[in-house]
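*Asks:* Have a look at this one.
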Amino acid sequence: MTFIESGLSVRNGFDEGPLAVAALPRAGQLLAELQEQALTLTDGQLRDSVYRALRRFTQEQPPRCQVDSITALIRCGVRIGWPACDRLPCA
């Protein structure tokens, strides 16, 4: 285990501690906010926002097909559920 700061540590590639727990709801909230704003965004802005939300949540570069698929679903009005685990991946 590596301690980053008080309340945040890394174990097996995942952030742990009170600060990581506090960040989990925010990570899931990003996609919900994006779905609310979808009608006001251009296709490029929506795709970029989906990419950024996925990248922030997973800490990896999301596959293009996943970004395109989620963008298309949001554009069609489908509400996307964002499964959140109990740990955040560490960059």
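Residue numbers for the sequence shown follow our numbering, beginning at 1 and rising by one.
Cβ atoms here follow ideal geometry from the backbone N, Cα and C, with glycine treated the same way.
How about A38 and L31: are their beta carbons less than 7 angstroms apart?
*Replies:* The answer is no: Cβ separation not under 7 angstroms.
*Asks:* With DSSP collapsed to three states, give me the class of V78.
*Replies:* Three-state DSSP puts V78 in coil, outside helix and strand.
*Asks:* Can you grab the Cα-Cα spacing for the pair C76 / D43, in whole Å?
*Replies:* So the alpha carbons of these two residues sit roughly 12 angstroms apart.
*Asks:* Do you know how far the Cα of D48 is from the Cα of V67?
*Replies:* Going from the Cα of V67 to the Cα of D48 covers about 9 angstroms.
*Asks:* Distance, Cα to Cα, E33 vs Q61?
*Replies:* Distance between the alpha carbons of E33 and Q61 is about 21 angstroms.
*Asks:* May I have the straight-line CA-CA distance separating I74 from R56, to the nearest angstrom?
*Replies:* Distance between the alpha carbons of I74 and R56 is about 18 angstroms.
*Asks:* Can you give me the C-alpha to C-alpha distance between T40 and V78, rounded to a whole angstrom?
*Replies:* Whole-angstrom Cα-Cα distance: 16 angstroms.
*Asks:* Decide if Q35 is buried, meaning its Cβ has at least 16 other Cβ atoms within 10 Å, or exposed.
*Replies:* So Q35 counts as buried.
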